[in-house]
Amino acid sequence: MAENINIQMIDMDVMIPEQVVQNPDGSYTIFLNSRLSHERHLETYAHAMNHILNHDFDKQDVQQIEYDAHKTGPMG
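What follows is the structure, given as structure tokens:
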């Protein structure tokens, strides 16, 4: 799975810690906000990985997805 995940650091508004995109080839790109601390990068990376590992891109209910992601915590 790790070879199908790209990570990029980009300058975003501080209110946006990360963004995950499913690419056309089935891989994923995690964009981490370069303005955040290393500790926050680790937290947001774990949050993004939970979305990928939980197959959240196949789901419709955003509120339920976020609830589940925060309930399970970093990496499950």
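FYI, in our numbering the residues of the sequence shown are 36 to 111.
Even for Gly, the Cβ is constructed at its ideal location relative to N, Cα and C.
Just measuring C-alpha positions, the residue of L71, N68 and T64 sitting nearest H86 is T64. The Cβ atoms of S69 and M84 do not sit closer than 9 angstroms to each other.
For M84, the enclosing alpha helix (DSSP H) covers residues H73 to L88.
If you ignore the 5 residues before and after I45, its C-beta comes within less than 8 angstroms of the C-beta of F66, L67, N68 and S69, all in its own chain and listed in chain order. With a beta-carbon spacing of about 5 angstroms, Q57 and F92 fall inside the 8 angstroms limit used to define contacts.
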